[in-house]
Amino acid sequence: MRSCSRICLKISLSVFLRQLSLHSTKCSTRSLSMDKLKSALPVLDQLQRAGYEAYIVGGAVRNHLLELPISDVDITTSALPDEVEALFERTVPIGKEHGTVMVILNGTFEVTTFRIDGDYEDHRRPDSVIFVSDLKKDLLRRDFTVNAMALDHSMSVIDYTGGQNDLEQRLIRAVGDAERRFTEDALRMIRAARFQSVLDFTIESQTLEAMKTCAPLIEYVAVERIIVELQKLLNGLQPSRGMNTLTVSGIVNYLPYFRGWQEVLLLEAPMSLEVYIAFHIFKGLADMDGMRSLKLSNDSYRTIKQAVAILQQLEQQEEFTMERLVYHYPLATIEACQKLAGNQSDAKAYRQARRIHSRQDIAVNGHDVMTHLKREGGSWLKVMLAEMEDAIITGQLKNQPDAIMKWVDEHGEI
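With full-length UniProt numbering applied, the sequence shown covers 1 to 414.
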């Protein structure tokens, strides 16, 4: 009985400490988010003192209400771009034609004039923007209700679309007519799936139906914009939900490079786009050459190729596979591929146990080998050094000069 009580006490203490940690993290996030919002108040103050309206808008408001971290604080105002530039000492005209000026004051803030959008002829961006003096009109042009709220100087929420209620219901709902929103900018459909993944929300039924109707419009969107959203989706809380939405809506059939994939990997944990692509190449559902159409960075292409190689080696399950992987490839890529392959090996432990970190750590070099064998350099030396390196990293050869030279004598016919 006493033993049972002790166990229960340990469990209760463990639960309490975990809850305390979560509470502490949440409080810390709330504090940092409020600090981020407060850093924008001097900009609001200066605009308001000059007789203009000014509010915090967009993702900062959403994340503040959800008690999530805030990366950037955007401001909307009745002041025209030229008036904003005249009012602040340090500004950068990052998009004046669209009403946006970056203000540098206690941080950097994008300050955009109240506006409504003109016609969208290409389903990507408005042909023009029209500056207005009404905050409500500005908010009603936005994509989703959870992104269409504003905060005034006193941190009171201004909400014309039911965004607060949708946050409580954990819903992604288009502002107004969903088909119109997606016809204006087709990328919004992928953004809906991205927010579903990142926030672990559900897409409202009419919004989802509009995505099914408008799915073909994705072909109008630049691949670079699509890639940015997919990267964020795959790194969200529930990537499987977002990817499932792209599948059931039919959007995946219109994505460049991804078009025609008959299987969609439903991830249960966040994963990079590079490893996701590598998995499909590994499974024969995509090709290495075609990925160039995605216009990724050279680093991304390198990661994809590495991940394909890792997946192939994990499948073969040869002796010393992990020793070789942790020596040749980044740990994060290995661990991501292990999840896909169902491999339970402790890659961190293998990495910490590495005998050498690079070829420069080997106790002898190519010149030493040539001198010892009295041979001129050539292709044989490259092969021998590679085999020597592999023997050391797999533990079959000690990294000591005498042991290595004995091994060289035994393999001198390479």
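All residues carry an ideal CB built from backbone N, CA and C; glycine is no exception.
- Restricted to the UniProt domain "Poly A polymerase head" (54-173), the alpha helix (DSSP H) segments that are unbroken, complete and at least 4 residues in length are 59-66, 81-87, 135-140, 163-169, listed in chain order.
- Bridge pairing for I203: I172 [DSSP].
- With respect to V61, L105 sits apart: the two C-beta atoms are not nearer than 8 Å.
- Distance from the Cα of L340 is smallest, within the candidate group Q312, L151, L80, for Q312.
- For I251, no alpha helix (DSSP H) encloses it, and the DSSP letter there is neither H nor E.
- In this structure, V408 keeps its C-beta atom at 8 Å or more from the C-beta atom of L294.
- Within the same chain, T77, S78, A79 come within 6 Å of Y52 by CB-CB distance, once the 5 residues on both sides are set aside.
- Distances from the alpha-carbon of A186 to those of E219, M384, D74 put E219 closest.
- For the stretch 283-345, the continuous alpha helix (DSSP H) assignments of 4+ residues that do not extend past its boundaries occur at 298-316, 321-328, 331-341, in sequence order.
- V198 and S71 have their C-alpha atoms some 14 Å from each other.
- As the crow flies, the alpha-carbon of N63 is around 27 Å from that of P93.
- Shown here for P401: same chain residues with a beta carbon closer than 7 Å to its own, the five before and five after excluded, namely A363, V364 in chain order.
- The C-alpha of C214 is placed about 38 Å away from the C-alpha of A309.
- Closest option to M405, judged by alpha-carbon separation, among T394, H367, I393, E204: H367.
- Under the rule that a run must span 4 or more residues, the alpha helix (DSSP H) segments found entirely inside the stretch 352-386 read 366-373.
- Boundaries of the alpha helix (DSSP H) around M405: 401-410.
- With a beta-carbon spacing of about 10 Å, F195 and L171 fall beyond the 8 Å limit used to define contacts.
- Around the Cβ of R115, a 10 Å sphere holds 16 or more other Cβ atoms; the residue is buried.
- When rounded, the separation of the alpha-carbon atoms in A148 and N253 is 30 Å.
- A distance below 8 Å separates the beta carbons of A278 and A307.
- If you draw a straight line from the Cα of N399 to the Cα of E323, it is about 15 Å long.
- Distance from the CA atom of L87 to the CA atom of S156, rounded to whole angstroms, is 25 Å.
- P42 sits in a helix when the DSSP states are folded into three classes.
- Looking from the CA of Y257, the closest CA among I227, S272, T245, M243 belongs to I227.
- In this chain, the alpha helix (DSSP H) harbouring T183 covers 178-184.
- For K232, the enclosing alpha helix (DSSP H) covers residues 223-234.
- Collapsing the DSSP output to three states places G242 in a helix.
- Note that the C-beta distance between S297 and A336 is not below 8 Å.
- Here Q338 is buried, its C-beta having at least 16 other C-beta atoms within 10 Å.
- Between L65 and Q164 a beta carbon distance of about 7 Å is seen, short of the 8 Å cut, so the two are scored as contacting.
- In the structure shown, the three-state DSSP call for L217 is helix.
- DSSP places E274 within a helical segment (H, G or I) once states are collapsed to three.
- The alpha-carbon separation between K212 and G250 amounts to approximately 6 Å.
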